[in-house]
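Enquirer: Chains as they are written, first to last, in our numbering: chain A, 99 to 318; chain B, 99 to 318.
Quick reminder that beta carbons are idealized off the backbone N, C-alpha and C, glycines included.
Please read these numbers as outputs of a predicted model, since none were measured by experiment.
One structure, as structure tokens, below. Some questions next.
2 protein chains.
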Amino acid sequence: MTEPRARRRARLNRDKVVQAAVDLADTDGIESLSMRKLGVALGIEAMSLYSHVANKGEVLDGMIDAVFGEIDAPSSRIKWKSAMRRRAISIRQVMARHPWAIGLMESRTAPGPATLRHHDTVIGMLRAAGFSIELAAHALSALDSYIYGFALQERNVPSVTGETARLAKLLLTQLSSDEYPHLAELTVKHVLQTGYDHGNEFEFGLDLILDGLERARHPD
Amino acid sequence: MTEPRARRRARLNRDKVVQAAVDLADTDGIESLSMRKLGVALGIEAMSLYSHVANKGEVLDGMIDAVFGEIDAPSSRIKWKSAMRRRAISIRQVMARHPWAIGLMESRTAPGPATLRHHDTVIGMLRAAGFSIELAAHALSALDSYIYGFALQERNVPSVTGETARLAKLLLTQLSSDEYPHLAELTVKHVLQTGYDHGNEFEFGLDLILDGLERARHPD
DNA sequence: ACCTGAACACCGTTCAAGT
DNA sequence: ACCTGAACACCGTTCAAGT
Chain A
99 MTEPRARRRA RLNRDKVVQA AVDLADTDGI ESLSMRKLGV ALGIEAMSLY SHVANKGEVL
159 DGMIDAVFGE IDAPSSRIKW KSAMRRRAIS IRQVMARHPW AIGLMESRTA PGPATLRHHD
219 TVIGMLRAAG FSIELAAHAL SALDSYIYGF ALQERNVPSV TGETARLAKL LLTQLSSDEY
279 PHLAELTVKH VLQTGYDHGN EFEFGLDLIL DGLERARHPD
Chain B
99 MTEPRARRRA RLNRDKVVQA AVDLADTDGI ESLSMRKLGV ALGIEAMSLY SHVANKGEVL
159 DGMIDAVFGE IDAPSSRIKW KSAMRRRAIS IRQVMARHPW AIGLMESRTA PGPATLRHHD
219 TVIGMLRAAG FSIELAAHAL SALDSYIYGF ALQERNVPSV TGETARLAKL LLTQLSSDEY
279 PHLAELTVKH VLQTGYDHGN EFEFGLDLIL DGLERARHPD
């Protein structure tokens, strides 16, 4: 038993550093991901990380690419609409697993191999389904904007589950119903209703776009 | 002339601190916005800021609310569809002026008065146009997801303007056209075409959603 | 009431030194 | 080739002290 408390994988490399960073961000949040804590998690001094990555930015780029690798590649064996629908739902699930990812995307500009592979597959599937280059670009832009934007907003809305959150929201609504009557009405009569599922909201907008794309592909 | 180099406004207060933070983020980027630099910009010691704000988070919340205050309130004197279209374009313009805002939204959860006022006005306009509560919620969720997601993606794509960026992109495409053929094709034959305007991409998706909402309001 | 300076507990990163 | 410890230039924030 020469092992200290932190399990040291056979040999450290870039991928293992990135995976440890993903785990740390999932557990403690991205704001507490530091090179020093990452070192501790790997049973290593923080400065040793620089043997495997050039800087923290490379870790962050790797994390984003790892997240893209988790997205289900759309199958070309089903209708394009079902495939794009499943892809959207898969992205939303992945973003729910890694809530820090959506915020990280904003600051990173160097797409990794998994990211490029994913987009290449999606474009290829749309082209095979008969989309023109222009329409494929429009479709990808519209769908991804919607999916990422929804994930971004979902992160900001405090979850309605849990009685305390519910009570807090009710109180807030009560206080502001004079100043913001329409917002108060929408909150009380819609968002706070038992059985309200934010996922329905996601699928409503998603189907709006998918139906619109179908119409654009087959102009009347 | 008792004034030192930094203009000191008559008396400092929360709003002036927030406005200085917005200016600093616009100029130098959000990543270099620190309490110390904010102090320098205001001709004050960093620690004096805590007389006006509780912490940096309050500054960030204020910045987001200031950005919402810049969005054109939708007029109730025109058709809902035109009003929502203009609102979307206004948000995109405001986000272009303050590119840091979209990334900040992700981490802030306390909406300020301008934010609440804006959303209340929009919901009120949709309700007046005959939208049910449910459909108004769906409409706002779909549109805002799309708008913010588009802004998020727009920030990640290096601008195609400028010959150097153009050449760099061409080279990149050349290198990866074997591995990512569809991505390469879309980039070369669409994105890099002269006259390509990313704004058209925005309006395509926007009109897709607006048309879909119109159909949802008047089911066939 | 507002501002200051010193201090604390953190950051990312460099560098010379070790094995 | 990989890891370490000390150091540098930064952070946000607290606190006792000044006016």
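Run through the segment 158–240 of chain B for me and flag every whole alpha helix (DSSP H) of 4 or more residues, listed as ranges in chain order.
Expert: 178–195, 199–203 and 211–226
Enquirer: Tell me which same chain residues have a C-beta within less than 7 Å of the C-beta of residue 202(A), skipping the five on either side of it?
Expert: 128, 158, 161 and 162
Enquirer: Are the C-beta of residue 228(A) and some C-beta of chain B separated by less than 9 Å?
Expert: So, not an interface residue.
Enquirer: If we count the other Cβ atoms within 10 Å of its Cβ and call it buried at 16 or more, is residue 143(B) buried or exposed?
Expert: exposed
Enquirer: If distances are taken between C-alpha atoms only, which option among 117(A), 151(A), 136(A) and 156(A) comes closest to residue 165(A)?
Expert: 117(A)
Enquirer: Report the rounded CA-to-CA distance for residue 190(B) versus residue 225(B), giving the unit in angstroms.
Expert: 24 Å
Enquirer: Kindly indicate which three-state DSSP category residue 109(B) falls into: helix, strand or coil?
Expert: coil
Enquirer: Based on Cα-Cα distance, which residue from 304(A), 153(A) and 145(A) lies nearest to residue 236(B)?
Expert: 304(A)
Enquirer: For a contact meaning CB atoms closer than 7 Å, what does residue 232(B) contact in chain A?
Expert: 288
Enquirer: The ligand COA heavy atoms versus the CB of residue 216(A): any closer than 8 Å?
Expert: Because no ligand of any kind appears in the structure shown, any question about the ligand COA cannot be addressed here.
Enquirer: Anything in chain B within Cβ reach of residue 251(A), meaning under 8 Å, just list it in chain order.
Expert: 239, 242, 243 and 246
Enquirer: In the DSSP assignment, the alpha helix (DSSP H) including residue 137(B) goes from what residue to what residue?
Expert: 133–139
Enquirer: Tell me whether residue 289(B) sits in a helix, a strand or coil according to DSSP, three-state version.
Expert: Here DSSP, grouped into helix, strand and coil, assigns residue 289(B) to helix.
Enquirer: Give the C-beta separation of residue 171(B) and residue 217(B) to the nearest angstrom, bearing in mind that I take them to be a contact with Cβ-Cβ under 8 Å.
Expert: Incorrect: roughly 11 Å between the Cβ atoms, too far for contact.
Enquirer: Of all the options 279(A), 193(A) and 178(A), which has the alpha carbon lying nearest to the alpha carbon of residue 308(A)?
Expert: Of all alpha-carbon atoms in 279(A), 193(A) and 178(A), the one lying nearest the alpha-carbon of residue 308(A) is that of 178(A).
Enquirer: For residue 111(B), go through chain A and note every residue whose CB falls closer than 9 Å to its CB, in chain order.
Expert: Near residue 111(B) there are no residues of chain A at all, since even the closest Cβ is about 22 Å away, more than 9 Å.
Enquirer: Which of helix, strand or coil does DSSP assign to residue 127(A)?
Expert: coil
Enquirer: Report all residues from its chain with a CB closer than 7 Å to the CB of residue 151(B); omit the five preceding and five following residues, and keep chain order.
Expert: 112, 115 and 157
Enquirer: Taking the alpha-carbon positions, what's the residue 206(A) to residue 244(A) distance?
Expert: 19 Å
Enquirer: With DSSP collapsed to three states, give me the class of residue 245(B).
Expert: Residue state, collapsed to three classes: helix.
Enquirer: For residue 306(B) and residue 139(B), I'd like the C-alpha separation in whole angstroms.
Expert: 44 Å
Enquirer: Taking only beta-carbon atoms, is residue 166(B) less than 9 Å away from chain A?
Expert: Taking Cβ atoms only, chain A never reaches closer than 9 Å to residue 166(B), which makes this a no.
Enquirer: Quick check: what's the CA-CA separation for residue 234(A) versus residue 253(B)?
Expert: 21 Å
Enquirer: Does any residue of chain A have a CB that is nearer than 9 Å to the CB of residue 118(B)?
Expert: no
Enquirer: With a threshold of 9 Å between beta carbons, is residue 309(A) in contact with chain B?
Expert: yes
Enquirer: Whose C-alpha, out of 141(B), 194(B) and 182(B), is nearest the C-alpha of residue 296(B)?
Expert: 194(B)
Enquirer: If we cut at 9 Å on Cβ distances, does residue 278(B) have a partner in chain A?
Expert: yes
Enquirer: Any residues in the segment 145–171 of chain B with a beta carbon nearer than 8 Å to a beta carbon of chain A? Which ones, in chain order?
Expert: none
Enquirer: Hey, would you say residue 221(A) sits closer than 9 Å to residue 196(B), going by beta carbons?
Expert: Contact flag unset, no.
Enquirer: Within 9 Å of any Cβ in chain B, is that where the Cβ of residue 203(A) sits?
Expert: yes
Enquirer: Taking the alpha-carbon positions, what's the residue 169(B) to residue 110(A) distance?
Expert: 49 Å
Enquirer: What residue from 315(A), 316(A), 240(A) and 148(A) has the CA that sits closest to residue 298(B)'s CA?
Expert: Comparing Cα-Cα distances from residue 298(B) to each of 315(A), 316(A), 240(A) and 148(A), the minimum goes to 240(A).
Enquirer: Which first and last residues belong to the alpha helix (DSSP H) in which residue 152(B) is found?
Expert: Here residue 152(B) belongs to no alpha helix (DSSP H), and DSSP marks it neither H nor E.
Enquirer: Can you grab the Cα-Cα spacing for the pair residue 347(B) / residue 229(B), in whole Å?
Expert: Outside the shown range of chain B (99 to 318) lies residue 347(B), about which nothing can therefore be said.
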